[in-house]
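In order, the protein sequences belong to chains A and B.
Numbering-wise, the UniProt record's numbering puts 172 at position 172 of the first sequence, and it's gapless, one number per residue.
Numbering-wise, the UniProt record's numbering puts 210 at position 210 of the second sequence, and it's gapless, one number per residue.
Virtual Cβ for every residue (Gly too), placed ideally from N, Cα, C.
Number of protein chains: 2
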Amino acid sequence: MQQLDSHQYLGVRDDIAARIAAGEFKPGERLPSERQLQAGGGVARGTVREALFQLEAEGVIYRKDRSGWYVSPPPVVYDPTRWEGFMSYVEAQGRRPETETLSKVEIVCDGMLAQIFSRPVGAPMYWIRRRRLIDGRAVLIESIIVDAARAPGLIEHDLNGSLTSVLKTVYGVGVARNKVDMRPCALTRDEAEALRVKSGLPGLSLVRTCYDAQGHVVEFDREYWRHDALTVSVDIRVR
Amino acid sequence: MQQLDSHQYLGVRDDIAARIAAGEFKPGERLPSERQLQAGGGVARGTVREALFQLEAEGVIYRKDRSGWYVSPPPVVYDPTRWEGFMSYVEAQGRRPETETLSKVEIVCDGMLAQIFSRPVGAPMYWIRRRRLIDGRAVLIESIIVDAARAPGLIEHDLNGSLTSVLKTVYGVGVARNKVDMRPCALTRDEAEALRVKSGLPGLSLVRTCYDAQGHVVEFDREYWRHDALTVSVDIRVR
DNA sequence: GAGTGGTCTAGACCACGGG
DNA sequence: CCGTGGTCTAGACCACTCT
Numbered sequence: 001m002q003q004l005d006s007h008q009y010l011g012v013r014d015d016i017a018a019r020i021a022a023g024e025f026k027p028g029e030r031l032p033s034e035r036q037l038q039a040g041g042g043v044a045r046g047t048v049r050e051a052l053f054q055l056e057a058e059g060v061i062y063r064k065d066r067s068g069w070y071v072s073p074p075p076v077v078y079d080p081t082r083w084e085g086f087m088s089y090v091e092a093q094g095r096r097p098e099t100e101t102l103s104k105v106e107i108v109c110d111g112m113l114a115q116i117f118s119r120p121v122g123a124p125m126y127w128i129r130r131r132r133l134i135d136g137r138a139v140l141i142e143s144i145i146v147d148a149a150r151a152p153g154l155i156e157h158d159l160n161g162s163l164t165s166v167l168k169t170v171y172g173v174g175v176a177r178n179k180v181d182m183r184p185c186a187l188t189r190d191e192a193e194a195l196r197v198k199s200g201l202p203g204l205s206l207v208r209t210c211y212d213a214q215g216h217v218v219e220f221d222r223e224y225w226r227h228d229a230l231t232v233s234v235d236i237r238v239r
Numbered sequence: 001m002q003q004l005d006s007h008q009y010l011g012v013r014d015d016i017a018a019r020i021a022a023g024e025f026k027p028g029e030r031l032p033s034e035r036q037l038q039a040g041g042g043v044a045r046g047t048v049r050e051a052l053f054q055l056e057a058e059g060v061i062y063r064k065d066r067s068g069w070y071v072s073p074p075p076v077v078y079d080p081t082r083w084e085g086f087m088s089y090v091e092a093q094g095r096r097p098e099t100e101t102l103s104k105v106e107i108v109c110d111g112m113l114a115q116i117f118s119r120p121v122g123a124p125m126y127w128i129r130r131r132r133l134i135d136g137r138a139v140l141i142e143s144i145i146v147d148a149a150r151a152p153g154l155i156e157h158d159l160n161g162s163l164t165s166v167l168k169t170v171y172g173v174g175v176a177r178n179k180v181d182m183r184p185c186a187l188t189r190d191e192a193e194a195l196r197v198k199s200g201l202p203g204l205s206l207v208r209t210c211y212d213a214q215g216h217v218v219e220f221d222r223e224y225w226r227h228d229a230l231t232v233s234v235d236i237r238v239r
């Protein structure tokens, strides 16, 4: 498991990392092509790629398909215990958030949703898919389910802002409890395509269930984040 | 970015995933060697490895260095808002937790620790490194700093159980607030070696700062988890 | 159309493990 | 010791983006 003097890909990794640290390549900038990086060191292209994968796993660089490797910008901090939405906390950190609504449709409750929402199978629900970007880079894709009975006509609204505030201001539906599950995952076919990354890239899966004061589920949200785009921070006090 | 009918490594991935799902290989069991898997499908070994990396990123399999590929057991659920320690929540989920203390030494406060603990540079601190296992597999390594003034002689105790309960019962030091930061990371040289995995494997970095009722830092803890070993779950209520 | 990364081949040698 | 995964080479073709 140890890198002795062999493991030249770690040497290549260190070279590239040093050049980034030295400011030769800045966040958002493109690295030289794999074949150019290879030429410098007299190594096979596969070895250069191994080094690039290492840096990608560390969150130092990322790739745009068939366009090249780029230096990663710093991650944003996400606090699941706060109610402010994506748009506000990203902006508060001096970054530029964007939201794109990929689709919004009415569906009917299947068995799994029936259980989550405590609603009968067949009850109408809204299904919203959105992609969110920071500084122009797609960082997460989310799939939201909302009980149509709680927010009739929801999908007629503009959903490129804060969904929570639409629910609150238009429908008077407030959130009193929030359950968040997180786990490292691999971005699979669909998520990877929507984020325009290679399938199999590590990510963070985040599942949020929002309840109102009566304990009814208001919103059920699955998010898939690029692994290098966020830090999660939770601050808890004993009651 | 899309898998058409080419991308045969995804086909190999699906084959292996199907055999695992069908129960041909059970959690904890070893897969056939790469060269054996290769023989079945008439593909190059590199292609088989690509498929195995994919499954590893998804948390389906993991490797033991130069020993082989194994089917992953299910992850444990970790709730940073609960105070119960590793030993109890792992056991509560029907798994077998173990802790090994790798080292415990007295150190002096450097600049960073001085800031975290609001203590003068040079103040004595204890530094404890532990490795924790579930069902015999190393899943995390942690590095803990405790203010020696708050718990004199702490490192004389057996630290293979719950540190929090030792602090509470022996020293009367309770925790009133908990700050947890999490982010996907790559396991680098030291962590990877301690977990006996390949450097560069994705992981989850978890930094916990524990405060007492007076707002003093009691314990500062950095954990590095295998990415496939846990799910984080947070349940928050508005007050 | 040129250049990029993505995939794949068919070999090779090495370091480490105890299937 | 033999088999394993870990690393590496030197090519090749493809699908895609547009540097």
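Beta-carbon proximity of B:Val-71 to B:Val-90, cut-off 8 Å: For the purposes of this step, residue 71 of chain B is taken as the residue at position 71 of the second sequence. For the purposes of this step, residue 90 of chain B is taken as the residue at position 90 of the second sequence. Their beta carbons are not under 8 Å apart, which means B:Val-71 does not touch B:Val-90 by this criterion.
A:Leu-37 Cβ short of 7 Å to the ligand ATP heavy atom set: Ligands displayed in this structure: none; no statement on the ligand ATP is therefore possible.
Against chain B: residues of the region 219-236 of chain A by CB proximity under 8 Å: Cβ contacts with chain B come from His-227, Asp-228, Leu-230, Thr-231, Val-232, Ser-233, Val-234, Asp-235, Ile-236.
Ordered list of beta strand (DSSP E) runs contained in the region 108-174 of chain B, each at least 3 residues: 124-134, 137-147
Classification of B:Leu-102 by the beta-carbon crowding that lies within 10 angstroms, buried from 16 upward: Taking the second sequence and counting its residues from 1, one reaches residue 102 of chain B at position 102. So B:Leu-102 counts as exposed.
Close beta carbons around A:Glu-191, own chain, < 6 Å, minus the five adjacent residues each side: Within the first sequence, numbered from 1, the residue matching residue 191 of chain A stands at position 191. Hits under 6 Å: Ile-141, Tyr-224.
Burial state of A:Arg-137 (16 or more Cβ within 10 Å): Your numbering for residue 137 of chain A matches position 137 in the first sequence. Buried, since its Cβ has 16 or more Cβ neighbours within 10 Å.
Cβ of A:Cys-185 within 8 Å of any chain B Cβ: Residue mapping note: residue 185 of chain A aligns to position 185 of the first sequence, counting from 1. True, the Cβ-Cβ gap to chain B drops below 8 Å.
Own chain, CB closer than 6 Å to B:Ala-148, minus 5 neighbours either side, in chain order: As a position in the second sequence, residue 148 of chain B is number 148, starting the count at 1. Excluding positions up to five away in sequence, the list reads Pro-124, Met-125, Tyr-126.
Contact under 8 Å by Cβ, B:Gly-28 with B:Pro-73: In the second sequence, residue 28 of chain B corresponds to position 28, counting from 1. In the second sequence, residue 73 of chain B corresponds to position 73, counting from 1. In contact: B:Gly-28 and B:Pro-73 (Cβ atoms closer than 8 Å).
B:Leu-204 - partner residues in DSSP beta bridges: Counting from 1 along the second sequence, the entry for residue 204 of chain B is found at position 204. Beta-bridge pairing links B:Leu-204 to B:Pro-184, B:Trp-225.
Range covered by the alpha helix (DSSP H) that runs through A:Asp-15: On the first sequence, residue 15 of chain A is found 15 positions in, with the first residue counted as 1. In the DSSP assignment, A:Asp-15 falls within the alpha helix (DSSP H) that extends over 8-21.
Backbone secondary structure at B:Leu-37 - three-state DSSP: If you number the second sequence from 1, residue 37 of chain B lands on position 37. In this structure, B:Leu-37 counts as helix in the three-state DSSP scheme.
Residues of the region 92-115 of chain B whose Cβ lies closer than 8 Å to any Cβ of chain A, in chain order: none
Continuous alpha helix (DSSP H) stretch holding B:Leu-55: start and end: Your numbering for residue 55 of chain B matches position 55 in the second sequence. Going by DSSP, B:Leu-55 is part of the alpha helix (DSSP H) stretching over 45-57.
Beta-carbon proximity list for residue 243 of chain B, same chain, < 6 Å, skipping 5 on both sides: This structure gives no information on residue 243 of chain B, because the portion of chain B shown stretches from 1 to 239.
Nearest residue (CA-CA) to B:Ala-57, options B:Pro-152, B:Ala-186, B:Leu-154: Walking along the second sequence from the start, residue 57 of chain B turns up at place 57. Per the Cα distances, B:Ala-186.
Distance between A:Arg-183 and A:Leu-207 (C-alpha atoms, nearest Å): Position 207 of the first sequence, counted from the first residue, corresponds to residue 207 of chain A. Position 183 of the first sequence, counted from the first residue, corresponds to residue 183 of chain A. Residue 207 of chain A is actually Val in this sequence, not Leu. Rounded to the nearest angstrom, the two C-alpha atoms are 9 Å apart.
Endpoints, the beta strand (DSSP E) within which A:Leu-230 is located: Within the first sequence, residue 230 of chain A is the residue found at index 230, counting from 1. It spans 230-237 - the beta strand (DSSP E) in which A:Leu-230 sits, taken as one unbroken run.
Chain-ordered chain B contacts of A:Gly-153 [CB-CB under 8 Å]: Along the first sequence, one-based indexing puts residue 153 of chain A at 153. Here the premise fails: no neighbours, minimum Cβ distance about 26 Å.
Beta bridge counterpart(s) of A:Gly-28 as assigned by DSSP: As a first step, residue 28 of chain A is located in the first sequence; it is residue number 28 there, counting from the start. For A:Gly-28, which the question treats as bridged, DSSP gives no partner whatsoever.
Enclosing beta strand (DSSP E) for B:Val-76 [first to last residue]: Locating residue 76 of chain B in the second sequence gives position 76, where the first residue counts as 1. Looking at the DSSP string, the run of the beta strand (DSSP E) that includes B:Val-76 is 76-78.
Chain B residues whose Cβ lies nearer than 7 Å to that of A:Leu-204: Sequence index remark: in the first sequence, residue 204 of chain A carries index 204 (1-based). By Cβ distance, chain B contributes Pro-184.
Three or more C-beta pairs below 8 Å linking the region 9-24 of chain B and the region 54-69 of chain B: yes
Element boundaries [beta strand (DSSP E), containing B:Arg-82]: What you label residue 82 of chain B is simply residue 82 of the second sequence in a count that begins at 1. Looking at the DSSP string, B:Arg-82 is not in any beta strand (DSSP E), and its letter there is neither H nor E.
Limits of the alpha helix (DSSP H) - the one that A:Arg-189 falls within: Translated into the one-based positions of the first sequence, residue 189 of chain A becomes position 189. Per DSSP, the unbroken alpha helix (DSSP H) holding A:Arg-189 starts and ends at 189-195.
Presumed contact (8 Å Cβ cut-off) between B:Thr-231 and A:Asp-181, rounded CB distance: Translated into positions along the second sequence, residue 231 of chain B becomes position 231. Translated into positions along the first sequence, residue 181 of chain A becomes position 181. Contact holds; Cβ gap of about 6 Å.
Same chain, Cβ closer than 6 Å to B:Gly-85, five either side skipped, listed in chain order: The count along the second sequence starts at 1 and reaches residue 85 of chain B at position 85. Ser-162, Thr-164, listed in sequence order.
Residues, ordered as in the chain, of the UniProt domain "HTH gntR-type" (6-74) of chain A that lie near chain B by beta-carbon distance below 8 Å: Leu-10, Phe-53, Gln-54, Ala-57, Glu-58, Gly-59, Asp-65
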